[in-house]
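In our numbering, the protein residues as written are 303 to 701.
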């Protein structure tokens, strides 16, 4: 801020037209803001330039702050960025309406990480859907003189970020429509990150061999690029595949490799994810005390970070252990808290999983009406998945 700007700001503060809300952040009185905007719109060229600078500033901010959303400063950075969410949304929408595909792509992973950590999956899906779905400005950008090939990686990366939220919301079929085409247009680090996302989709669909191949390809790329964060994610995915194959020794080895990397980078969320995976390995071997210890540590980290989506998942895994121990009251309490969070976040897959398990708990406890209601809600979701799978099979057969 210049000396003149500082004096002006001081006068506005004295007149209560400007309010300091921490550090160098100020909020302008709404009436003054509306007046300033009306005056600005009377000069279209200046208004356009101002909107461009505003959009560039906040999209660049997301790109710069992305790395901090993985480290120990995550809660503080998340809180600061959430204060700017209205500006970030406006910057994103302006860029989308003006076909700024490259700027959107460079900020997309930071925005996606912020919204994922906060559990704003529906908003993330909505913001990315508006871009991936096209629109006149985006389509015009794809047809500029530089050629479609030059802009293709950015468009594909935006599609990958869209798929990230589709998966989080349990919209597996839509994610399946998006990911393969997006992967075909990517290489390097973006391709490796897209592959780790594809592993999650393949794992959910039970396609473990393809999932292992994708995670190993991603691991090779990350190691070549010396990307330790990506390497840890790929190791975690490989461990998950081996866990699903009941190869617990291999699963534990990969998860411990990932855990050491996350600890060395001081990435608390990554540490929690590895601890949860290790807890599941112990659970499958009936090592219940070890499983509860790992899951409890993961839950503590997720609560401290304010990541409600992760909190729901860790609560659910603790509930599973209590079910196997015959501790139905404790299991029910964990599942009900997880279910409440999933409903709030719009996580349909999470709701179906929690309701399936709660239905069994209620039935075993003699609460037949509650058991029936929970089971029916879960069944509706699973039935939709079956119908979608049959449709895919019919299209594949006709093709």
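Quick reminder that beta carbons are idealized off the backbone N, C-alpha and C, glycines included. Predicted model, so just to flag it, every value in this text is computed and none were measured.
Exercise for the section: With a cut-off of 8 angstroms on the beta carbons, I'd call residue 397 and residue 406 a contact; round off their distance for me. Expected result: About 5 angstroms; that satisfies the 8 angstroms criterion.
Exercise for the section: Use the C-beta contact count for residue 547: other C-beta atoms within 10 angstroms, 16 or more gives buried, fewer gives exposed. Expected result: Burial call: exposed.
Problem - For residue 400, the first and last residue of its enclosing alpha helix (DSSP H) - result: For residue 400, there is no enclosing alpha helix (DSSP H), as DSSP marks it with neither H nor E.
Problem - Cα-Cα separation, residue 627 to residue 604 - result: Here the alpha carbons of residue 604 and residue 627 stand approximately 24 angstroms from one another.
Exercise for the section: Compare the C-alpha of residue 461 against each of 386, 433 and 475 and name the closest. Expected result: Per the C-alpha coordinates, the member of 386, 433 and 475 positioned closest to residue 461 is 433.
Problem - For residue 479 and residue 629, the rounded distance between their alpha carbons - result: Here the alpha carbons of residue 479 and residue 629 stand approximately 41 angstroms from one another.
Exercise for the section: Starting from the C-beta of residue 679, find all residues in its chain whose C-beta is less than 6 angstroms away, skip the five residues before and the five after it, and write them out in chain order. Expected result: Excluding sequence neighbours, residue 679 sits near 657.
Problem - Identity of the residue in 651, 671 and 541 nearest residue 614 by Cα - result: Closest option to residue 614, Cα to Cα, is 651.
Problem - Helix, strand or coil at residue 669 according to DSSP, with G and I counted as helix - result: Three-state DSSP puts residue 669 in coil, outside helix and strand.
Practice task
Compare the Cα-Cα distances from residue 514 to each of 503, 540 and 390 and report the closest residue.
Solution key: The closest CA to that of residue 514, considering only 503, 540 and 390, is found on 540.
Handout entry: Inter-stretch contact at 8 angstroms, needing at least 3 Cβ pairs: the region 663-675 / the region 478-497
Key = No, the region 663-675 does not touch the region 478-497.
Handout entry: Sequence-distant residues of the same chain with beta carbon closer than 6 angstroms to residue 612, five excluded per side
Key = Within the same chain, residue 612 has close Cβ partners 604.
Problem - Per-residue burial, residue 388 [other beta carbons within 10 Å of its own, 16 or more giving buried] - result: Counting Cβ neighbours within 10 Å, residue 388 comes out exposed, since fewer than 16 surround it.
Exercise for the section: State yes or no: is the C-beta of residue 666 within less than 9 angstroms of the C-beta of residue 618? Expected result: When the beta-carbon positions are compared, residue 666 and residue 618 stay at least 9 angstroms from each other.
Exercise for the section: Can you give me the start and stop residues for the alpha helix (DSSP H) that residue 478 sits inside? Expected result: Where residue 478 is concerned, the enclosing alpha helix (DSSP H) stretches over 474-486.
Handout entry: Minimum length 4: unbroken alpha helix (DSSP H) runs contained in the region 491-543
Key = Listed in chain order, they are 510-527.
Handout entry: Backbone CA spacing between residue 610 and residue 346 [nearest angstrom]
Key = If you draw a straight line from the Cα of residue 610 to the Cα of residue 346, it comes to about 43 angstroms.
Practice task
Thinking residue 623 and residue 597 are a contact (beta carbons under 8 angstroms), I'd like their distance in whole angstroms, please.
Solution key: Residue 597 and residue 623 do touch by the CB rule: their CB atoms are close to 7 angstroms apart, below 8 angstroms.
Problem - Meets three-Cβ-pair contact criterion under 8 angstroms: the region 556-566 and the region 522-534 - result: They touch, by the three-pair rule.
Practice task
Reducing DSSP to helix, strand and coil, say where residue 783 ends up.
Solution key: Because the chain spans 303 through 701 in this model, residue 783 falls outside it and cannot be assessed.
Problem - Buried versus exposed, by CB contacts within 10 Å (16 or more), residue 485 - result: Result: buried.
Exercise for the section: Would you kindly work out how many angstroms separate the C-alpha atoms of residue 608 and residue 341, rounded to a whole number? Expected result: Approximately 41 angstroms, taken between the alpha carbons.
Problem - Same chain only: Cβ atoms within 6 angstroms of residue 424, ignoring 5 sequence neighbours per side - result: Answer for residue 424: 648, listed in chain order.
Practice task
Please look up how many angstroms separate the CB atoms of residue 487 and residue 526, rounded, as I've assumed it's under 8 angstroms.
Solution key: At roughly 20 angstroms, the Cβ-Cβ gap does not stay under 8 angstroms, so residue 487 and residue 526 are not in contact.
Exercise for the section: Decide if residue 578 is buried, meaning its Cβ has at least 16 other Cβ atoms within 10 Å, or exposed. Expected result: By the beta-carbon neighbour count (other beta carbons within 10 angstroms, threshold 16), residue 578 is buried.
Handout entry: Of the listed residues 654, 664 and 391, nearest to residue 685 (C-alpha basis)
Key = When 654, 664 and 391 are compared, the shortest CA-CA separation from residue 685 is found for 654.
Problem - CA nearest to the CA of residue 580, picked from 555, 681 and 639 - result: Nearest option by C-alpha distance: 555.
Exercise for the section: In the DSSP assignment, find the alpha helix (DSSP H) that holds residue 374 and state where it starts and stops. Expected result: In the DSSP assignment, residue 374 falls outside any alpha helix (DSSP H) and carries neither an H nor an E.
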